[in-house]
Ligand code: KIV
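Residue numbers (our numbering): -16 to 239.
Right under this line is the structure:
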């Protein structure tokens, strides 16, 4: 089994089939994903909801993210691990961002970081890359801007918004990002961006014509009490299965 590097992920742009990526938030799930030979694991700030029980990605802190990044990298021996920079860990200043991203790389042992935004974070991407930290971009629906976007909605539906997302993706590529997540944009727009830029696009809720696809671990397994988003690829209902096993355990103990 190969150990995936940034170059391997970039090369996947030119492979004949789309590649899978998925989130993971702990040692065991990272081991499973790694054994399944998934090229890229994102320790997403979706951990804010999936692990810590907050209502959006906004509250999760650097400390909370660092703990789980460390456990995921212990479990992932082959997949490339990308750590998601939480809200306000990179926006305030380049210095603060480098310190926080450095923690993910040095202490968390991640190989790269992800930040949300386009043209306005190109400078941030450039500074990270110049300092040896690979960056995955993220445009379209950027959940850390939940309030600014007035909720989770498809982005890029108007001509003007679509043009901005294209411009943002190109800016990220120019700044040195090794790939870009396209979240919840129209399929045709995702396809256009995928054709226009030379780095891999990784779609979520953006149609099947991206270079790769990413999903949230809990959504794929149905491992959450709340309803997954429409675009989730749910293969099981593990919440119900685990609940019935735990109930069985309870009953066994109670009946000696
Ligand atoms: O935090 C996350 O899980 C993400 C993916 C949905 C791309 O950003």
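No residue lacks a Cβ here, since even glycine has one placed at the ideal position from N, Cα and C.
Between which two residues does the beta strand (DSSP E) carrying residue i extend?
| i | result |
| --- | --- |
| residue 166 | 162 to 166 |
| residue 121 | 118 to 123 |
| residue 25 | 23 to 26 |
Can you tell me whether residue i is buried or exposed? The criterion is at least 16 other CB atoms within 10 Å of its CB, across all chains shown.
| i | result |
| --- | --- |
| residue 22 | buried |
| residue 99 | buried |
| residue 20 | exposed |
| residue 219 | exposed |
| residue 232 | exposed |
| residue 210 | exposed |
| residue 43 | buried |
Quick one: measure Cβ to Cβ for residue i and residue j, integer angstroms, because I've assumed they're closer than 8 Å.
| i | j | result |
| --- | --- | --- |
| residue 108 | residue 158 | 4 Å |
| residue 182 | residue 164 | Not confirmed; about 11 Å, so no contact. |
From the DSSP output, which residues share a beta bridge with residue i?
| i | result |
| --- | --- |
| residue 67 | 97 |
| residue 2 | 195 |
| residue 187 | 166 |
Give me, in chain order, the residues of the same chain whose beta-carbon lies closer than 8 Å to that of residue i; leave out the 5 immediate sequence neighbours on both sides.
| i | result |
| --- | --- |
| residue 150 | 101 and 102 |
| residue 200 | 5, 6, 7, 8, 12, 16, 33 and 206 |
| residue 144 | 138 |
Return the first residue and the last residue of the alpha helix (DSSP H) that residue i is part of.
| i | result |
| --- | --- |
| residue 200 | 200 to 204 |
| residue 259 | Look at the range of the chain in this structure, -16 to 239, and you will see that residue 259 is not part of it. |
| residue 56 | 45 to 58 |
| residue 227 | 221 to 237 |
Near residue i, what residues of its chain come up, given a Cβ to Cβ distance below 7 Å and the 5 sequence neighbours on each side ignored?
| i | result |
| --- | --- |
| residue 27 | 6, 67 and 199 |
| residue -16 | 20 and 61 |
Quick one: residues in its chain with C-beta nearer than 6 Å to the C-beta of residue i, no 5 flanking neighbours on either side, listed in chain order?
| i | result |
| --- | --- |
| residue 204 | 219 and 221 |
| residue 214 | 188 |
Residue i CB to nearest chain C CB: under 7 Å?
| i | result |
| --- | --- |
| residue 239 | Note that chain C does not occur in the displayed structure, where there is just one protein chain. |
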